[in-house]
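Using the working numbering, the first residue of the sequence shown is number 148, and each one after it goes up by one. The beta-carbon is built from N, C-alpha and C at its ideal position, and this holds for glycine as well.
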Amino acid sequence: MQQPRVETDIIGAGEGPQRAVPWSAWVTRLDWVRWWACHMPQSWAQWWTTSGWRQPLQRILWGLEGILYLLLALMLCHALFTTGSHLLSSLWPVVAVVWSHLLPAVLLLVLSALPALLFMASFLLLFCTLLSLVGLLTSMTHPGYAHDLDQ
């Protein structure tokens, strides 16, 4: 009868019998990368480690990615434009009727608000002028004002 294999560490303490690991676990771990690196021909390894081939490939992939993003943006714009045009074409009669009733109301609102807007503008202009005069008078009474004018 064969004894189960026991893995031991440096001081000889064992971890007990190891379970059999299916071959699919080998694929999911990184051991296959080390195995492949050991069994790969040396010329392939040198080709893989040189960076001369990576930059052109990376540029090609970046250009392809940019083209794909541009196509995606164009498709989205096309979808939004066609959806919007269908929506507008179906809503156009409603908008025309609403606009024909709203236009006089909006014009009446603007014309009735015009005197209030003019009064407010003139009040703000007068208020700013008064503030400027107060600032000028206070700066003229400051003792350093005459000294500043001499220089």
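Collapsing the DSSP output to three states places H289 in coil. Distance from the CA atom of G282 to the CA atom of S259, rounded to whole angstroms, is 36 Å.
Sequence-distant Cβ neighbours of M287 in its own chain, meaning closer than 6 Å and more than five residues away, do not exist here. The straight-line gap separating the alpha-carbon atoms of H289 and C275 is approximately 21 Å. Straight-line spacing of the CA atoms in P251 and M222 works out to 41 Å. Residue state for T196 is assigned as helix, using DSSP reduced to three classes. Here the alpha carbon of H233 sits roughly 20 Å from the alpha carbon of W246. DSSP places M187 outside both helix and strand once states are collapsed to three, so it counts as coil. In this structure, the straight-line span from the alpha carbon of L254 to that of V241 is close to 20 Å.
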